[in-house]
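A.B. asks:
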Amino acid sequence: MIRCNIDVENLPVIAGGEDYKIWDLDSKGVFSVKSAKAALKLPAEVVPCENLFSRQVVHPTLSVQYWKIWSKQCCASEDNIIKKTGRSMPTMCRLCRKSGETLSHITWHCRVARRIWAWVAGVFKLDPKEDLVDSYKAAKGRSIMIKDLWLVANLAIVTELWKLRNKSYFENMAFHWLGFKGRVYQVIRDNSIRMKVHMHNTLEELRILNYFKVRHRSCKTSTPIEISLSPPDQDEIMICCDGASFGNLGQAGAGVVFRNASSEVLGVLCVGLGWQTNFYAEVCAIIYGAIMVKRWNLRSIFIRSDSKSCIQDFQKKELPWQLVQKWKIAKSFYSNVCYIHSYREANFSADRPSKHVCWLRIFLSFLRVGLVLFLLWNGLEGFISFHLGLSGEWPSG
Ligand SMILES: [Zn+2]
Numbered sequence: 471m472i473r474c475n476i477d478v479e480n481l482p483v484i485a486g487g488e489d490y491k492i493w494d495l496d497s498k499g500v501f502s503v504k505s506a507k508a509a510l511k512l513p514a515e516v517v518p519c520e521n522l523f524s525r526q527v528v529h530p531t532l533s534v535q536y537w538k539i540w541s542k543q544c545c546a547s548e549d550n551i552i553k554k555t556g557r558s559m560p561t562m563c564r565l566c567r568k569s570g571e572t573l574s575h576i577t578w579h580c581r582v583a584r585r586i587w588a589w590v591a592g593v594f595k596l597d598p599k600e601d602l603v604d605s606y607k608a609a610k611g612r613s614i615m616i617k618d619l620w621l622v623a624n625l626a627i628v629t630e631l632w633k634l635r636n637k638s639y640f641e642n643m644a645f646h647w648l649g650f651k652g653r654v655y656q657v658i659r660d661n662s663i664r665m666k667v668h669m670h671n672t673l674e675e676l677r678i679l680n681y682f683k684v685r686h687r688s689c690k691t692s693t694p695i696e697i698s699l700s701p702p703d704q705d706e707i708m709i710c711c712d713g714a715s716f717g718n719l720g721q722a723g724a725g726v727v728f729r730n731a732s733s734e735v736l737g738v739l740c741v742g743l744g745w746q747t748n749f750y751a752e753v754c755a756i757i758y759g760a761i762m763v764k765r766w767n768l769r770s771i772f773i774r775s776d777s778k779s780c781i782q783d784f785q786k787k788e789l790p791w792q793l794v795q796k797w798k799i800a801k802s803f804y805s806n807v808c809y810i811h812s813y814r815e816a817n818f819s820a821d822r823p824s825k826h827v828c829w830l831r832i833f834l835s836f837l838r839v840g841l842v843l844f845l846l847w848n849g850l851e852g853f854i855s856f857h858l859g860l861s862g863e864w865p866s867g
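According to our numbering, the sequence shown is numbered sequentially starting from 471.
Below, the structure is given as structure tokens:
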């Protein structure tokens, strides 16, 4: 048993019933092609720059043009020639005739490039950078709509500068500032048709959208919703449950507040769960809450949680496979289980302990994973705390 890494003192609780198979690479224990594929797939590296120019708002044509310049190094500039052939060839920028023709010169340092970047910086009142990711970060704090427009402007300038260089190199076309600026402007405006996001309701943002004649304008408006918290019936106990994790996966915790028919707080439960997902923490909060309610010896329980998907999964009986047995044992005690979804704002009492316990796990790192810290508040008697092994015995009341 020790060789197999099984702790005889700490075996999981079995609720009985038929044996069944569990596919442990899926959260619900059910085999699916999707989960098998995810298990086989190697995690791919994500380059932040690629994420930017493949966004919904960027037209595929613009996105591909930028990708060719950025990744494929297909432009015959001095640095790319050296990279591909290993030979250095004397080159000269056709636009300013002052410097060698590197990609960095054409898209950033050249006189023409400087002028167009200064123009766009003036319109957006933002500071562009040579690197796309850094440049995008300059729009921090603006609305998503302005961020998208700024991204499109960055891509449009780089691709149009490259096209301008090709025209003057191969077709000996003379450079006209107004014509070039007009083309960049048109590309930005064309891409703005794909916008679906919201703007901030400010004059400054309206000015930018007017400048590019963006037709899509939508602001987020908030409508107040009335929320209320009604107490449970006389022979019922209400548990307000919430789970939290710092990051998904991250340090997770569950918090439960127990209330009786007169809305009195009977107790608060904080469970440190270790490294778990947010959803797992939400489900755990309900299960541990239900286990604790047994001490008041009432057969009816009223579960309130702010996670809709969690409540739906409880109703459909599709829980994470690790918790199915625990829920079976907990539920067997009750004759009536009632679920209700409430907004986080109405569930603040459970929201707080769940978040606190995440920090608690970090500060009290000597506690091993799977310990329950139960804080019971009973009138003026003060705090009583218990430490219990989760997979061991449950408090019977
Ligand atoms: Zn130049």
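Positions of the beta carbon are idealized from the N, C-alpha and C atoms, including for glycine. Since the structure is predicted, the reported quantities are computational estimates derived from the model, not experimental observations.
Evaluate Val503 with the Cβ neighbour count: other Cβ atoms within 10 Å of its Cβ, from every protein chain shown; 16 or more gives buried, anything less gives exposed.
C.D. replies: Start at 1 with the first residue of the sequence shown, and residue 503 comes out as number 33. Val503 is classed as exposed because its beta carbon has fewer than 16 other beta carbons within 10 Å across all chains shown.
A.B. asks: DSSP three-state label for His811, please.
C.D. replies: If you number the sequence shown from 1, residue 811 lands on position 341. Three-state result, His811: strand.
A.B. asks: Assuming Ile552 and Trp791 make a contact with CB atoms under 8 Å, what is their CB distance in whole Å?
C.D. replies: Within the sequence shown, residue 552 is the residue found at index 82, counting from 1. Within the sequence shown, residue 791 is the residue found at index 321, counting from 1. At roughly 57 Å, the Cβ-Cβ gap does not stay under 8 Å, so Ile552 and Trp791 are not in contact.
A.B. asks: Check whether the Cβ atoms of Tyr639 and Arg564 lie closer than 8 Å to each other.
C.D. replies: To locate residue 639, count along the sequence shown from 1; it is residue 169. To locate residue 564, count along the sequence shown from 1; it is residue 94. Contact flag set, yes.
A.B. asks: DSSP beta-bridge partners for Ile707?
C.D. replies: Mapped onto the sequence shown, residue 707 falls at position 237. According to DSSP, which records beta bridges pairwise, Ile707 is partnered with Ile771.
A.B. asks: May I ask you to check if the CB of Arg581 is nearer than 7 Å to at least one heavy atom of ligand 1?
C.D. replies: Walking along the sequence shown from the start, residue 581 turns up at place 111. Flag set: Cβ of Arg581 near ligand 1.
A.B. asks: Report yes if the C-beta of Leu565 is less than 7 Å from at least one heavy atom of ligand 1; otherwise report no.
C.D. replies: Numbered from its first residue, the sequence shown carries residue 565 at position 95. At least one heavy atom of ligand 1 is nearer than 7 Å to the Cβ of Leu565, so yes.
A.B. asks: Check each candidate in Ile761, Ile810, Lys651 and Ser533 and name the one with the smallest Cα separation from Gln785.
C.D. replies: Counting from one through the sequence shown, the residue named residue 785 turns up at place 315. For Gln785, the nearest C-alpha among the options comes from Ile810.
A.B. asks: Give the straight-line distance between the Cα atoms of Ser700 and Val741, rounded to the nearest whole angstrom.
C.D. replies: Here the question's residue 700 lines up with position 230 in the sequence shown. Here the question's residue 741 lines up with position 271 in the sequence shown. Between Ser700 and Val741, the C-alpha separation is close to 25 Å.
A.B. asks: Quick one: using the 10 Å Cβ neighbour count with 16 as the cut-off for buried, is Ile484 buried or exposed?
C.D. replies: The count along the sequence shown starts at 1 and reaches residue 484 at position 14. Exposed is the call here.
A.B. asks: Of all the options Lys637, Met669, Arg685 and Ile771, which has the alpha carbon lying nearest to the alpha carbon of Ile464?
C.D. replies: With the chain covering 471 to 867 only, the question about residue 464 has no answer from this structure.
A.B. asks: Between Lys633 and ligand 1, is the CB less than 7 Å from at least one heavy atom?
C.D. replies: For this step, residue 633 is matched to residue 163 along the sequence shown. Checking the Cβ of Lys633 against ligand 1 gives no.
A.B. asks: Residues in its own chain within less than 6 Å of Leu532 by CB, not counting five upstream and five downstream?
C.D. replies: What you label residue 532 is simply residue 62 of the sequence shown in a count that begins at 1. Here the set comprises Leu625.
A.B. asks: Compute the minimum distance between the beta carbon of His575 and the heavy atoms of ligand 1, and state whether it is under 7 Å.
C.D. replies: One-based indexing of the sequence shown puts residue 575 at position 105. Indeed, a heavy atom of ligand 1 lies less than 7 Å from the Cβ.
A.B. asks: Could you compute how far the alpha carbon of Ser558 sits from the alpha carbon of Thr629?
C.D. replies: As a first step, residue 558 must be located in the sequence shown, where it is residue number 88. As a first step, residue 629 must be located in the sequence shown, where it is residue number 159. The straight-line gap from Cα to Cα measures roughly 25 Å.
A.B. asks: In this structure, how does DSSP classify Trp745 when only helix, strand and coil are distinguished?
C.D. replies: Taking the sequence shown and counting its residues from 1, one reaches residue 745 at position 275. Here Trp745 sits in strand by DSSP.
A.B. asks: Does DSSP put Arg740 in a helix, a strand or coil?
C.D. replies: Counting from one through the sequence shown, the residue named residue 740 turns up at place 270. The residue asked about is misnamed: residue 740 is Cys in this sequence, not Arg. Three-state result, Cys740: strand.
A.B. asks: Heavy atom of ligand 1 less than 7 Å from the Cβ of Ser688, yes or no?
C.D. replies: Here residue 688 refers to the residue found at position 218 when the sequence shown is read from its first residue. No, ligand 1 has no heavy atom inside 7 Å of this Cβ.
A.B. asks: Terminal residues of the continuous alpha helix (DSSP H) containing Phe784?
C.D. replies: Here the question's residue 784 lines up with position 314 in the sequence shown. Looking at the DSSP string, the run of the alpha helix (DSSP H) that includes Phe784 is Lys778 to Lys786.
A.B. asks: Do Tyr804 and Ile771 come within 8 Å of each other at the CB atom, strictly closer than that value?
C.D. replies: To locate residue 771, count along the sequence shown from 1; it is residue 301. To locate residue 804, count along the sequence shown from 1; it is residue 334. The beta carbons of Ile771 and Tyr804 sit closer together than 8 Å.
A.B. asks: Does the distance from the C-beta atom of Ser733 to that of Ala722 stay below 8 Å?
C.D. replies: Along the sequence shown, read from residue 1 onward, the residue named residue 733 stands at position 263. Along the sequence shown, read from residue 1 onward, the residue named residue 722 stands at position 252. Ala722 is positioned such that its CB atom lies no closer than 8 Å to that of Ser733.
A.B. asks: What is the residue span of the beta strand (DSSP E) that Ala722 lies within?
C.D. replies: Here residue 722 corresponds to residue number 252 of the sequence shown, with the count starting at 1. From DSSP, the beta strand (DSSP E) with Ala722 extends over Gly720 to Arg729.
A.B. asks: Does DSSP classify Cys580 as helix, strand or coil?
C.D. replies: Here residue 580 refers to the residue found at position 110 when the sequence shown is read from its first residue. The answer is coil: DSSP assigns Cys580 none of H, G, I, E or B.
A.B. asks: Just to confirm the assignment: which complete alpha helix (DSSP H) runs, minimum length 4, are found wholly within the segment 541-623?
C.D. replies: 548-555, 581-594 and 602-607
A.B. asks: With a threshold of 7 Å, establish whether the CB of Ser569 neighbours any heavy atom of ligand 1.
C.D. replies: Here residue 569 refers to the residue found at position 99 of the sequence shown. Checking the Cβ of Ser569 against ligand 1 gives yes.
A.B. asks: Might you give, ordered along the chain, the residues of its own chain that have their beta carbon closer than 7 Å to the beta carbon of Gln543, omitting 5 neighbours on each side?
C.D. replies: Against the sequence shown, residue 543 aligns to sequence position 73. Cβ neighbours of Gln543 beyond the five flanking positions: Asn550 and Lys553.
A.B. asks: Just to confirm, is the Cβ distance from Ala820 to Gly725 under 8 Å?
C.D. replies: Counted from its first residue, the sequence shown places residue 820 at position 350. Counted from its first residue, the sequence shown places residue 725 at position 255. Taking 8 Å as the Cβ cut-off, Ala820 and Gly725 qualify as a contacting pair.
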